[in-house]
Amino acid sequence: MKNYLKFVAGAVLAVSSVSAFAVGPDFSTLTAAVDFSTVGTAVLAIAALLALPLVIKKGAKMVLSAIK
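Residue numbers (the numbering used here): 555 to 622.
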């Protein structure tokens with residue numbers, strides 16, 4: 555009898571959870587509020603700030619090696 559009740563409870567939970575998310579969540583209101591162009595600009599600006607010292611160092615090494 556215990557196993558039968560466990561089986562019935564599990565079956566009810568499995569069927570009810572599948573039907574509850576049949577449509578899926580709607581995130582359009584959240585994604586519409588974010589402007590990804592400014593985020594992309596910020597990421598590129600930070601990448602440029604991080605890459606600039608490396609480019610300057612490489613250029614200085616090239617100039618110094620050309621002088622020698």
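No residue lacks a Cβ here, since even glycine has one placed at the ideal position from N, Cα and C.
Nearest-angstrom Cα separation, counted from residue j out to residue i
| i | j | result |
| --- | --- | --- |
| N557 | G564 | 10 Å |
| I610 | S591 | 28 Å |
| A601 | K622 | 32 Å |
| V588 | V566 | 39 Å |
| L606 | L618 | 18 Å |
| A599 | L608 | 15 Å |
| F581 | K560 | 36 Å |
Beta-carbon proximity list for residue i, same chain, < 8 Å, skipping 5 on both sides
| i | result |
| --- | --- |
| V562 | none |
Own chain partners of residue i with C-beta closer than 7 Å, once the 5 adjacent residues on each side are dropped
| i | result |
| --- | --- |
| A620 | none |
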